[in-house]
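Novice:
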Amino acid sequence: MTPGDSADDLQRVFIHETFPTSTIGYIPVANFLKHPATETALRWLLGLTFVYSSLHKIAAPAEFAKIVYGYLLFPDAAINLIAIMVPYFELVTGTALLLGLYPRAAVLITLVMLAGFMIAISINLIRGVEFDCGCFSTTGDNRSASVWQTLMPDILLFMMGLQVLFYRGRRKWCIRQTGGLLSNRSDELGF
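When you read off a place in the sequence shown, starting at 1, and then add 125, the result is the number in the working numbering.
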């Protein structure tokens, strides 16, 4: 570079030297995140996590209702409804993600649930309430988990969900009919 080069040229050189590019010119991490296999792996991991987390709640709704009550955030009349509905939402959206059935709609619902979980957990962590998050067990084993052990998995899942939501390529391993209602092209239906 010569002293007369513009700031844009210097920035391009810095980026090129810091992040080696492929022959196409993209940063390798961006290529990895845009790859259909990455989207499929993240979608399946998110789906498996939600299906797995729903199973113990469906099997033991009374114990899960006690955990929901322990959050001290919901009116007593809503506790049983929440304890019954949330696991089935998790199961349905997780299964939809695994099968690739409306993946953007399924991941959007998943992100809304994760945001709700993170808000509820954060409120109780700020208040200093000792509680079991009920994420993967209804036995009360997570009562002594630290902030990071409780909140970080949800943050990681949320970031994975955002990657799946904003993926714009052709989705692989989806139940679909080309061009039909179950199309896997994210730009055809908007979901």
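Beta carbons are placed, not taken as given, at the ideal position from N, Cα and C, and that holds for glycine.
In angstroms, rounded to a whole number, what distance separates the CA positions of Thr263 and Phe242?
Specialist: In the sequence shown, the residue the question calls residue 263 occupies position 138. In the sequence shown, the residue the question calls residue 242 occupies position 117. So the two alpha carbons sit approximately 16 Å from each other.
Novice: What did DSSP end up calling Arg295 once you bin it into helix, strand or coil?
Specialist: Counting from 1 along the sequence shown, the entry for residue 295 is found at position 170. Of the three classes helix, strand and coil, the one that applies to Arg295 here is strand, per DSSP.
Novice: Could you pull the start and end residues of the alpha helix (DSSP H) that Gly172 belongs to?
Specialist: To locate residue 172, count along the sequence shown from 1; it is residue 47. Segment Pro161 to Ala184, the alpha helix (DSSP H) holding Gly172.
Novice: Please classify Pro228 as buried or exposed, where buried requires at least 16 other C-beta atoms within 10 Å of its C-beta.
Specialist: Taking the first residue of the sequence shown as 1, we reach residue 228 at position 103. Looking at its Cβ environment, which holds 16 or more other Cβ atoms inside 10 Å, Pro228 is buried.
Novice: Does the beta-carbon of Ala184 have 16 or more other beta-carbons within 10 angstroms, so that it is buried, or is it exposed?
Specialist: As a position in the sequence shown, residue 184 is number 59, starting the count at 1. Per the 10 Å Cβ criterion, exposed.
Novice: Would you call the CB atoms of Ile207 and Phe214 closer than 8 Å?
Specialist: Taking the sequence shown and counting its residues from 1, one reaches residue 207 at position 82. Taking the sequence shown and counting its residues from 1, one reaches residue 214 at position 89. No, they are not a contact pair.
Novice: I'd like the span of the alpha helix (DSSP H) that includes Glu255, first residue to last.
Specialist: Within the sequence shown, residue 255 is the residue found at index 130, counting from 1. That residue, Glu255, is in no alpha helix (DSSP H); it is neither H nor E in DSSP.
Novice: Taking only the alpha-carbon atoms, compute the straight-line gap between Thr275 and Gln288 and give it to the nearest angstrom.
Specialist: Start at 1 with the first residue of the sequence shown, and residue 275 comes out as number 150. Start at 1 with the first residue of the sequence shown, and residue 288 comes out as number 163. The alpha-carbon atoms of Thr275 and Gln288 are separated by roughly 22 Å.
Novice: Return the Cβ separation of Ile280 and Leu226 in integer angstroms, given the expectation that the two are a contact with Cβ distance under 8 Å.
Specialist: Along the sequence shown, read from residue 1 onward, the residue named residue 280 stands at position 155. Along the sequence shown, read from residue 1 onward, the residue named residue 226 stands at position 101. In fact, because the Cβ distance is near 26 Å, the residues do not count as touching under 8 Å.
Novice: Just verifying my parser: in three-state terms, what is the DSSP assignment at Thr264?
Specialist: Here the question's residue 264 lines up with position 139 in the sequence shown. Coil, per DSSP.
Novice: With a threshold of 16 other CB atoms inside 10 Å of the CB of Ala187, please say whether the residue is buried or exposed.
Specialist: Your numbering for residue 187 matches position 62 in the sequence shown. When all chains shown are included, Ala187 counts as exposed.
Novice: On the premise that Leu239 lies in contact with Ala231, defined as a C-beta separation below 8 Å, what is that separation, rounded to the nearest angstrom?
Specialist: Position 106 of the sequence shown, counted from the start, is the residue given in the question as residue 231. Position 114 of the sequence shown, counted from the start, is the residue given in the question as residue 239. With 8 Å as the limit, Ala231 and Leu239 do not qualify as a contact, their Cβ atoms being about 12 Å apart.
Novice: Going along the chain, which unbroken runs of the alpha helix (DSSP H) with 4 or more residues stay wholly within the region 222-252?
Specialist: Segments of the alpha helix (DSSP H) lying fully in the region 222-252: 228-252.
Novice: Using the C-alpha atoms, what's the distance from Thr218 back to Cys260?
Specialist: As a working note, residue 260 is residue 135 in the sequence shown. As a working note, residue 218 is residue 93 in the sequence shown. The straight-line gap from Cα to Cα measures roughly 16 Å.
Novice: My assumption, with CB atoms under 8 Å, is that Ala245 sits in contact with Tyr196. Please give the rounded CB distance.
Specialist: For the purposes of this step, residue 245 is identified with residue 120 of the sequence shown, where counting begins at 1. For the purposes of this step, residue 196 is identified with residue 71 of the sequence shown, where counting begins at 1. That pair is a contact at about 6 Å.
Novice: How about Gly286 and Lys159: are their beta carbons less than 8 Å apart?
Specialist: The residue labelled residue 286 in the question sits at position 161 within the sequence shown. The residue labelled residue 159 in the question sits at position 34 within the sequence shown. It is not a contact, given that the beta carbons lie outside the stated cut-off.
Novice: Where does Tyr194 fall in DSSP's three states?
Specialist: The residue given as residue 194 occupies position 69 in the sequence shown. In this structure, Tyr194 counts as helix in the three-state DSSP scheme.
Novice: So, for Lys297: in the same chain, excluding its five sequence neighbours on each side, which residues have a beta-carbon less than 6 Å away from its beta-carbon?
Specialist: Within the sequence shown, residue 297 is the residue found at index 172, counting from 1. Correct list, in chain order: Pro161 and Thr165.
Novice: Output the distance between the C-alpha atoms of Ala202 and Ile209, rounded to the nearest integer angstrom.
Specialist: To locate residue 202, count along the sequence shown from 1; it is residue 77. To locate residue 209, count along the sequence shown from 1; it is residue 84. Between Ala202 and Ile209, the C-alpha separation is close to 13 Å.
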